[in-house]
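S.K.:
Number of protein chains: 2
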Amino acid sequence: MTDAPAPARRGTARERLLVAAGELFYSEGINTSGVEAIAARAGVTKATLYNNFRSKDQLVAEYLRGRLESSRRNRARFDDPAQAPAGRVAAFFEEVEHAIANGTFHGCPYSKAAVEVPGNAEAMVVVQEHYADVIAHFTDVTGDRTTAETIAMIYDGGMLAAKASGTAEPMARAKAAALRLIAS
Amino acid sequence: MTDAPAPARRGTARERLLVAAGELFYSEGINTSGVEAIAARAGVTKATLYNNFRSKDQLVAEYLRGRLESSRRNRARFDDPAQAPAGRVAAFFEEVEHAIANGTFHGCPYSKAAVEVPGNAEAMVVVQEHYADVIAHFTDVTGDRTTAETIAMIYDGGMLAAKASGTAEPMARAKAAALRLIAS
DNA sequence: TCACTTCTATACCGACCGGTATGGCAAACA
DNA sequence: TGTTTGCCATACCGGTCGGTATAGAAGTGA
Numbered sequence: 003m004t005d006a007p008a009p010a011r012r013g014t015a016r017e018r019l020l021v022a023a024g025e026l027f028y029s030e031g032i033n034t035s036g037v038e039a040i041a042a043r044a045g046v047t048k049a050t051l052y053n054n055f056r057s058k059d060q061l062v063a064e065y066l067r068g069r070l071e072s073s074r075r076n077r078a079r080f081d082d083p084a085q086a087p088a089g090r091v092a093a094f095f096e097e098v099e100h101a102i103a104n105g106t107f108h109g110c111p112y113s114k115a116a117v118e119v120p121g122n123a124e125a126m127v128v129v130q131e132h133y134a135d136v137i138a139h140f141t142d143v144t145g146d147r148t149t150a151e152t153i154a155m156i157y158d159g160g161m162l163a164a165k166a167s168g169t170a171e172p173m174a175r176a177k178a179a180a181l182r183l184i185a186s
Numbered sequence: 003m004t005d006a007p008a009p010a011r012r013g014t015a016r017e018r019l020l021v022a023a024g025e026l027f028y029s030e031g032i033n034t035s036g037v038e039a040i041a042a043r044a045g046v047t048k049a050t051l052y053n054n055f056r057s058k059d060q061l062v063a064e065y066l067r068g069r070l071e072s073s074r075r076n077r078a079r080f081d082d083p084a085q086a087p088a089g090r091v092a093a094f095f096e097e098v099e100h101a102i103a104n105g106t107f108h109g110c111p112y113s114k115a116a117v118e119v120p121g122n123a124e125a126m127v128v129v130q131e132h133y134a135d136v137i138a139h140f141t142d143v144t145g146d147r148t149t150a151e152t153i154a155m156i157y158d159g160g161m162l163a164a165k166a167s168g169t170a171e172p173m174a175r176a177k178a179a180a181l182r183l184i185a186s
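The listed protein sequences derive, respectively, from chains W and L.
All the letters of the first sequence, read from the start, carry residue numbers 3 to 186 under the working numbering.
All the letters of the second sequence, read from the start, carry residue numbers 3 to 186 under the working numbering.
1. Less than 7 Å between C-beta atoms, sequence neighbours within five positions excluded: which residues of the same chain meet that for Leu20 (chain L)?
2. Report the option in W:Ala15, W:Ala42 and W:Ile32 whose CA atom is closest to the CA atom of Ser113 (chain W).
3. Of all Cβ atoms in chain L, is any one closer than 8 Å to the Cβ of Asp5 (chain W)?
4. Which chain W residues sit within Cβ distance under 8 Å of Pro172 (chain L)?
5. So which of L:Arg43, L:Glu30, L:Ser73 and L:Tyr28 has the shortest CA-CA distance to Glu17 (chain L)?
6. Take Ala163 (chain W) as the anchor and find which of W:Ile137, W:Val128, W:His108 and W:Asp142 has the nearest alpha-carbon.
7. For chain W, is any of its Cβ atoms less than 8 Å away from the one on Lys177 (chain L)?
8. What residue range does the alpha helix (DSSP H) around Asp59 (chain L) cover?
9. How far does the alpha helix (DSSP H) with His132 (chain W) in it reach, from first residue to last?
10. Do Thr144 (chain L) and Ile184 (chain L) come within 8 Å of each other at the CB atom, strictly closer than that value?
11. Compile a chain-ordered list of the residues in the segment 131-145 of chain L whose CB is closer than 7 Å to at least one CB of chain W.
12. Using beta carbons (cut-off 8 Å, strictly below), is Ser113 (chain L) in contact with chain W?
13. In three-state terms, what does DSSP make of Thr104 (chain L)?
14. Output, in sequence order along the chain, the residues in the segment 30-54 of chain L whose CB is closer than 7 Å to any CB in chain W.
15. Out of L:Phe80, L:Asn122, L:Thr152 and L:Asp146, which one is the CA nearest neighbour of Gln60 (chain L)?
16. Do the segment 79-94 of chain L and the segment 169-179 of chain W meet, that is, are 3 or more Cβ pairs less than 8 Å apart?
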């Protein structure tokens with residue numbers, strides 16, 4: 003609605019572009035966010051954007067890859083394989099619950115991207131990597147791949163319902179369902 | 003990619019437009035499908051489209067409403083309240099499994115629309131109606147609203163995973179998880 | 001000092017978008 | 001019969017899209 007608000011002015015132009023693109027893509031949508039608006043938000047011109055990225059498609063892919071690697075780093079840092087499976091699964095769901103509480107949750111970035119970009123886009127590679135990551139993680143936690151895939155479905159469905167309802171309650175219910183599943 | 007293929011030529015212009023819009027919106031995406039392409043597919047010109055619909059937004063809303071009411075009719079016709087809950091839940095999931103087998107499944111139309119359309123669009127009303135319908139149905143079947151909401155999450159997550167994988171297998175797993183839930 | 005890189009600013013491109021206007025033709029209906 | 005209604009075709013509107021071209025300013029390192 004309003005003009006681009008105060009952008010982050012730290013870091014290289016490329017970094018600022020990725021930050022700005024991430025904010026706009028995630029909260030306003032990928033197709034809805036024009037390259038001009040992204041550049042403006044980064045305090046940069048369109049020419050600079052195209053000095054740093056081959057195309058908008060590549061920018062989308064790198065934005066998603068940034069999220070993916072950030073998730074991997076968080077998992078490496080905070081997930082404790084020595085902990086009981088229930089706690090590890092709960093932590094995974096609670097990350098989303100916290101994002102909702104913070105008001106920073108706008109749905110699963112990957113499932114949103116899968117709807118917004120064409121199937122042959124660079125970004126879709128990252129989307130597939132994400133799904134593989136999640137299933138691998140739950141497989142590692144529960145020791146069973148079928149269980150892991152079921153939990154992943156509950157996880158994605160929970161995010162969808164949370165987004166639709168605007169509350170964190172569906173995510174809590176999703177967590178409960180997942181915990182019930184691994185308890186049996 | 004190619005030109006508009008052979009359109010259905012039965013019915014009024016309005017009906018053909020709704021069919022064409024439905025096919026394009028669902029398989030190619032809402033934002034990706036221009037009004038000109040929809041009109042061409044219906045064997046009609048853009049002027050006729052705007053004689054029958056106020057705006058593209060209204061066309062999207064009526065397309066979704068058509069799907070919603072078709073679902074309601076199917077449920078009224080084929081769902082048997084005398085049957086056991088397990089069978090009724092299974093039938094609900096199997097509808098999607100059949101669509102996947104037919105190659106006519108391209109993800110949940112409502113969750114896709116929710117991503118593609120702005121939050122204040124007419125179409126979002128129909129999306130909310132759909133979610134309420136699903137939860138009401140599962141509540142009717144299971145007798146418990148919390149269980150119903152969990153099943154609905156599994157259902158949505160299953161469709162997401164089915165779309166991502168391109169196979170019907172996640173949907174079968176979702177069905178199994180839902181049945182396990184109501185068995186306890 | 002000079003060359004190189006990276007940024008800025010601006011102007012432009014062709015394509016497509018949703019939407020409107022006009023005018024004519026054909027069938028349905030009085 | 002005359003009139004209305006629905007559809008046709010075409011041409012156009014302003015706006016935005018992703019992407020390119022060009023020329024100059026600023027900082028850097030040799």
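Glycine included, C-beta positions come from ideal geometry on N, C-alpha and C.
M.R.: On the basis of the data shown:
1. Residues of the same chain with a CB within less than 7 Å of the CB of Leu20 (chain L), apart from the 5 flanking positions on each side, are Glu64, Tyr65 and Gly68 in chain order.
2. Considering only alpha carbons, the answer is W:Ile32.
3. Residue placement at Asp5 (chain W) is poorly supported in this model, since its pLDDT is 38, which falls under 50; the coordinates still yield a value, given next. No - not a single Cβ of chain L is within 8 Å of the one on Asp5 (chain W).
4. For a Cβ distance threshold of 8 Å, residue set Glu151 and Met155 of chain W lies close to Pro172 (chain L), ordered along the chain.
5. Scanning L:Arg43, L:Glu30, L:Ser73 and L:Tyr28 for the CA closest to the CA of Glu17 (chain L) turns up L:Arg43.
6. Taking Ala163 (chain W) as reference, the option from W:Ile137, W:Val128, W:His108 and W:Asp142 with the minimal CA-CA separation is W:His108.
7. At a cut-off of 8 Å between C-beta atoms, Lys177 (chain L) does not count as an interface residue with respect to chain W.
8. It spans Lys58 to Phe80 - the alpha helix (DSSP H) in which Asp59 (chain L) sits, taken as one unbroken run.
9. Residues Glu124 to Thr144.
10. It is a contact, given that the beta carbons lie within the stated cut-off.
11. Taking 7 Å as the Cβ-Cβ cut-off, the segment 131-145 of chain L approaches chain W at Tyr133, given in chain order.
12. Taking 8 Å as the CB threshold, Ser113 (chain L) lines the interface with chain W.
13. Note that residue 104 (chain L) is Asn in the sequence shown, not Thr. If DSSP states are grouped into helix, strand and coil, Asn104 (chain L) belongs with the helices.
14. The residues in question are Asn33.
15. Closest option to Gln60 (chain L), Cα to Cα, is L:Asn122.
16. The segment 79-94 of chain L makes no contact with the segment 169-179 of chain W, as fewer than three CB pairs between them are under 8 Å.
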